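The next block holds one structure in the form of structure tokens; read it before the comments.
Number of protein chains: 2
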Amino acid sequence: MRISELSERSGVSIATLKYYLREGLLHPGTIEGATRASYDETHLERVRLVRTLADVGRLPLERVREVVDALDSPPPTRHELLGVAQDALRPAGAPGHCASSALDTPASRRVVALGAPDCGLSPASQQLATALEAAEAAGWVVTDEQLATWFTAMWAVARTDVAPELADMPPADAMRHVVLGTVLTDPVLLALRRVAQVAVSAERLEGVAEPRQSLR
Amino acid sequence: MRISELSERSGVSIATLKYYLREGLLHPGTIEGATRASYDETHLERVRLVRTLADVGRLPLERVREVVDALDSPPPTRHELLGVAQDALRPAGAPGHCASSALDTPASRRVVALGAPDCGLSPASQQLATALEAAEAAGWVVTDEQLATWFTAMWAVARTDVAPELADMPPADAMRHVVLGTVLTDPVLLALRRVAQVAVSAERLEGVAEPRQSLR
Numbered sequence: 001m002r003i004s005e006l007s008e009r010s011g012v013s014i015a016t017l018k019y020y021l022r023e024g025l026l027h028p029g030t031i032e033g034a035t036r037a038s039y040d041e042t043h044l045e046r047v048r049l050v051r052t053l054a055d056v057g058r059l060p061l062e063r064v065r066e067v068v069d070a071l072d073s074p075p076p077t078r079h080e081l082l083g084v085a086q087d088a089l090r091p092a093g094a095p096g097h098c099a100s101s102a103l104d105t106p107a108s109r110r111v112v113a114l115g116a117p118d119c120g121l122s123p124a125s126q127q128l129a130t131a132l133e134a135a136e137a138a139g140w141v142v143t144d145e146q147l148a149t150w151f152t153a154m155w156a157v158a159r160t161d162v163a164p165e166l167a168d169m170p171p172a173d174a175m176r177h178v179v180l181g182t183v184l185t186d187p188v189l190l191a192l193r194r195v196a197q198v199a200v201s202a203e204r205l206e207g208v209a210e211p212r213q214s215l216r
Numbered sequence: 001m002r003i004s005e006l007s008e009r010s011g012v013s014i015a016t017l018k019y020y021l022r023e024g025l026l027h028p029g030t031i032e033g034a035t036r037a038s039y040d041e042t043h044l045e046r047v048r049l050v051r052t053l054a055d056v057g058r059l060p061l062e063r064v065r066e067v068v069d070a071l072d073s074p075p076p077t078r079h080e081l082l083g084v085a086q087d088a089l090r091p092a093g094a095p096g097h098c099a100s101s102a103l104d105t106p107a108s109r110r111v112v113a114l115g116a117p118d119c120g121l122s123p124a125s126q127q128l129a130t131a132l133e134a135a136e137a138a139g140w141v142v143t144d145e146q147l148a149t150w151f152t153a154m155w156a157v158a159r160t161d162v163a164p165e166l167a168d169m170p171p172a173d174a175m176r177h178v179v180l181g182t183v184l185t186d187p188v189l190l191a192l193r194r195v196a197q198v199a200v201s202a203e204r205l206e207g208v209a210e211p212r213q214s215l216r
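Order-wise, the sequence lines are chains A and B. Just so you know, the UniProt record's numbering puts 95 at position 95 of the first sequence, and the rest follows in order with no gaps. Just so you know, the UniProt record's numbering puts 62 at position 62 of the second sequence, and the rest follows in order with no gaps.
Written out as structure tokens, the structure is:
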């Protein structure tokens, strides 16, 4: 198909498609003359993946490129491939990889102590160390007991995130699954935390009377 | 103390203190003449609470006011008092209260089915229904099984959030605890989810080889 048809079928403007081609987010079409190139279903599928990751997954385009590059030159295992998708979710500005020496801080030692594999190097682990440091800098210390309880809880969540079916999906579908499944449901988890807080508070504090006067 | 000393000790400018007084975030001082008022430790404590909720807890000032108003006219129980603090964490623009009839949507029925007390009315429950709807609108359906697993996981988290000690704290400290403990540790939970995903992926997908060629 011509680029005009690719634009029509994908709902993406020709100008944007040309931008994707220049930026390497979309592989070149087959050259059919000095000013003509033709595109096929692989191009349509790739454009849809890029739009989904950018629009729904809210990934910046340089992160979309990391996902796309990994699809074009896949690492040896599905675990590593999905790791690229997950790494693309790291906070803005965070490095994709990091020497373990850079992680020798009190917070990073707590993360390593959780005992997850590859724990010292992944962007996820760095994100956790950064979050612990930020809370502490603001005066809030997460205790070791809390951290262990929360990790167990999030492990149960992760077992539903990284479903066994991910082993058998086409690579692009599996990567889209990881990105969207995390981005779109983070707000669900945080809301569930609040609903559960209300429930625990009702259980523990419903009978605790408040003085009718402020204590100030 | 004079307003200048209150400013000095709290680190908040006189202009801002006057703004708090006008807005009712800070109770009036004792009038000592046409242009003089005096302030005491209760004022200093209140200014510090307002600053902490706004700067560290990132609450907009109208939400800080809800917390402060509840401290000044406390509801009958500690459960309800902390509910005001938690309600102040709802997303921007969300209503603080809502008729149960407004909640009769497929997503809200799923929330009610979770069985948490007061579930149909709390801003937390509304936030959850909204998050489920937003994920679904973007093409991602959280299954009933996932939702149940996640709720159990977040219940374990909430049991560490709503600690029994909250029953005995001074009201302002308890409210600060709820706001900061949630806002500052939400990023820790989301990072733990990612670390756990890496761990589960290593367990389940490390042995799954990726084809050396992209499948496109």
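All C-beta atoms, glycine included, are put in the ideal place defined by N, C-alpha and C. Treat the numbers as computed from the prediction; the structure is a model and nothing was measured.
- Take the alpha-carbon of Leu205(B) and the one of Ala167(A): they are about 6 Å apart.
- Proximity of chain B to Thr77(A) at the Cβ level (cut-off 8 Å) is accounted for by Leu205, Glu206, Gly207, Val208, Ala209, Glu210, in chain order.
- Judged by DSSP in its simplified three-state form, Thr42(A) adopts helix.
- Val178(B) places its beta carbon 9 Å or farther from that of Leu71(B).
- Note that the C-beta distance between Val68(A) and Val50(A) is below 9 Å.
- Every alpha helix (DSSP H) stretch that sits fully inside the stretch 58 to 96 of chain B and reaches 4 residues is listed by chain position as 61 to 72, 78 to 87.
- The beta carbon of Arg159(A) falls within 9 Å of a beta carbon belonging to chain B, placing the residue at that interface.
- Under the three-state reduction of DSSP output, Arg159(A) falls in the helix class.
- In the three-state scheme derived from DSSP, where H, G and I count as helix and E and B as strand, Ala116(B) is classed as coil.
- Beta-bridge annotation (DSSP): Thr30(A) is paired with Ser38(A).
- Of all residues in the stretch 153 to 187 of chain B, only Ala153, Met154, Trp155, Ala156, Val157, Ala158, Arg159, Thr160, Asp161, Val162, Pro164, Leu166, Ala167, Pro170, Pro171, Leu180, Gly181, Leu184, Thr185, Asp186, Pro187 place a beta-carbon less than 7 Å from a beta-carbon of chain A.
- According to DSSP, residue pairing for Ala172(A) in a beta bridge does not occur.
- At the C-beta level, Leu132(A) and Val188(B) come within 9 Å of one another.
- Along the stretch 61 to 86 of chain B, going in chain order, the ones with a CB nearer than 9 Å to a CB of chain A are Leu71, Asp72, Ser73, Pro74, Pro75, Pro76, Thr77, Arg78, His79, Glu80, Leu81, Leu82, Gly83, Gln86.
- For Ala138(A), the secondary structure class from DSSP, reduced to helix, strand or coil, is coil.
- Residues of chain B with a Cβ closer than 8 Å to the Cβ of Arg193(A) are, in chain order, Met154, Val157, Ala158, Asp161, Thr182, Asp186, Leu189.
- Residues of chain A whose Cβ lies closer than 8 Å to the Cβ of Ala138(B) are, in chain order, Val56, Leu180, Leu184.
- Remark: C-beta atoms of Trp150(A) and Thr160(B) approach each other more closely than 9 Å.
- By the Cβ rule, the stretch 56 to 65 of chain B does not count as touching the stretch 35 to 42 of chain B, because fewer than three pairs are nearer than 8 Å.
- Chain order gives the chain B residues near Ala131(A) as Pro187, Val188, Ala191, where near means a beta carbon separation below 7 Å.
- With 16 or more other Cβ atoms inside 10 Å of its own Cβ, Ser7(B) counts as buried.
- Taking Thr185(B) as the centre and dropping the five residues before and after it, the same chain places no C-beta closer than 7 Å to its C-beta.
- Shortest Cα-Cα distance from Pro211(B) to any of Lys18(A), Arg46(A), Leu192(A), Pro74(A) involves Pro74(A).
- According to DSSP, Ala209(B) shares a beta bridge with Thr77(A).
- Neighbours of Thr149(B) across chain A, judged by C-beta separation under 9 Å: Ala156, Val157, Arg159, Thr160.
- Counting the other CB atoms within 10 Å of its CB gives Ser125(A) a total of 16 or more, which places it among the buried residues.
- For a Cβ distance threshold of 9 Å, residue set Arg194, Val195, Val198 of chain A lies close to Ser122(B), ordered along the chain.
- Sequence-distant partners of His27(B) (beyond 5 residues in either direction) whose C-beta falls short of 8 Å from its own C-beta, in its chain, are Thr42, His43, Arg46, Asp72.
- Looking at Ser122(B), Thr77(B), Thr16(B), Glu32(B), the one whose alpha-carbon comes closest to that of Arg194(A) is Ser122(B).
- Counted as a single uninterrupted DSSP element, the alpha helix (DSSP H) harbouring Ala15(A) occupies residues 14 to 23.
- Judged by DSSP in its simplified three-state form, Gly181(B) adopts helix.
- Counting only Cβ-Cβ distances below 8 Å, Leu26(A) has no contacts in chain B at all, with the closest Cβ about 11 Å away.
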